[in-house]
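These notes are about the structure you will find just below.
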Amino acid sequence: MSTKRIHLTPFETTHIQYLHKWLNDERAIRMIGRTPLTYEEVVQEVEKKRLNSDLILGIESDEQELVGWVFLKDIDYAHGRASIGILLSSESRGHGYGRMAMEQMIDLGFKQLRLNKIYLTTRGINKQAIALYEKIGFVTEGKLRNHAYVDGKYVDTYFMGILASEWHK
19 MSTKRIHLTP
29 FETTHIQYLH
39 KWLNDERAIR
49 MIGRTPLTYE
59 EVVQEVEKKR
69 LNSDLILGIE
79 SDEQELVGWV
89 FLKDIDYAHG
99 RASIGILLSS
109 ESRGHGYGRM
119 AMEQMIDLGF
129 KQLRLNKIYL
139 TTRGINKQAI
149 ALYEKIGFVT
159 EGKLRNHAYV
169 DGKYVDTYFM
179 GILASEWHK
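Start counting the sequence shown at 19; every next residue gets the next number (the numbering used here).
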């Protein structure tokens, strides 16, 4: 898969309107585990990430269309670790953008930020995401049983991680 199909770009304030739409997508709400957010609440979320020194990047297609965002949060340089997150627009899912963006961000985290570990959490019902993370090289490190309530039932939350020594890009 060619990395020429997407480009990571600084996440600008003008991008928040798109993020607001993506976060309120029915599938995103179910998989991320939140309630719908107002535009102002999304602005506050982005500002909180900026104040925490999270690395937030937009994902652009070759046509310079914003198709998602990816971020490293809770960056801990002393222990060499950070958590990664990604969200794509509903119409951009299933085209390989997620894998390309994750791989570019992981590469940046290990090579530029000199992190040793990048980790994430995901719901056990998000089979598509789990399959993607495993293809990239993430390993399931643990599972919290019945940790989240989704669509009237409790579901597991998976903790997954990848080490710099396991990254071969």
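Even glycine gets a Cβ: it sits at the ideal position worked out from N, Cα and C. Values in this document were obtained by computation on a predicted structure and should not be read as measured data.
Exercise. In three-state DSSP terms, what is residue 177?
Worked result: Three-state result, residue 177: strand.
Problem set entry | Cβ shell of residue 93 (< 6 Å), same chain only, five flanking positions each side left out | The beta carbon of residue 93 is closer than 6 Å to those of 100 in its chain, skipping five residues each way along the sequence.
For this session: Could you round the C-beta distance between residue 55 and residue 73 to whole angstroms and report it? I think they count as a contact, below 8 Å.
Result: Contact flag wrong, Cβ pair sits at about 22 Å.
Exercise. Do the CB positions of residue 77 and residue 50 come within less than 9 Å of each other?
Worked result: No, the Cβ-Cβ distance between residue 77 and residue 50 is not below 9 Å.
Problem set entry | Simplified DSSP assignment, three categories, for residue 149 | Reduced to three states, the DSSP call for residue 149 is helix.
Exercise. First and last residue of the alpha helix (DSSP H) that includes residue 111?
Worked result: Counting along the chain, residue 111 sits inside no alpha helix (DSSP H), nor does DSSP assign it H or E at all.
Exercise. Taking buried to mean at least 16 other C-beta atoms within 10 Å of its own C-beta, is residue 70 buried or exposed?
Worked result: With fewer than 16 Cβ atoms within 10 Å of its Cβ, residue 70 is classed as exposed.
Exercise. Expressed to the nearest angstrom, what Euclidean distance is found between the alpha-carbon atoms of residue 132 and residue 108?
Worked result: About 32 Å.
Exercise. What is the DSSP secondary structure of residue 169, reduced to helix, strand or coil?
Worked result: In the structure shown, the three-state DSSP call for residue 169 is coil.
Exercise. Considering only residues of the region 68-120, which uninterrupted beta strand (DSSP E) runs meet the minimum length of 3 residues and lie entirely inside it, listed in chain order?
Worked result: 73-79, 84-94, 99-106, all fully within the region 68-120.
For this session: Tell me, please, which residues DSSP counts as bridged to residue 45.
Result: Beta-bridge partners assigned by DSSP to residue 45: none are found.
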